[in-house]
Amino acid sequence: METLPLADVKARLSELVTQIEKQHDQVTVTRNGKAAAVVISIDEWESLRETIEILSDSETVAAIREAREDVERGDVYTTDEVLAEMTRKRRTA
């Protein structure tokens, strides 16, 4: 992540946007020596919005916690078990 003063960002905006877009980089913009903004790619922005949406849903967060606990306990299925069950269900359908 790069930190640049606002004047530099203004002078290099097109170049910085290209860099951010291609490298999924971030640029912190300072004004009078203090962080004032962060420029990120649209992909990063959409990912952050999706994460916030997921984390704001208490049911989804609970399901994620439960799934992690299942994994920690070893209460999971192998790929072979899942494929075998899918094959079995196709045959009976």
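Numbering (the working numbering), first residue to last: 106 to 198.
Note that CB positions come from ideal geometry on N, CA and C, so glycine has one too.
query	result
Leu121 burial status per 10 Å Cβ neighbour count (16 or more: buried)	buried
The stretch 162-182 / the stretch 128-142 touching (three or more Cβ pairs under 8 Å)	no
Element boundaries [beta strand (DSSP E), containing Thr108]	Glu107 to Pro110
Exposure of Val187, with buried meaning 16 or more beta-carbon neighbours within 10 Å	exposed
Spatially closest choice to Asp130 from Arg117, Leu118, Leu160 and Val144, by CA coordinates	Val144
Counted within 10 angstroms of its Cβ, other Cβ atoms place Ile169 as buried (16 or more) or exposed	exposed
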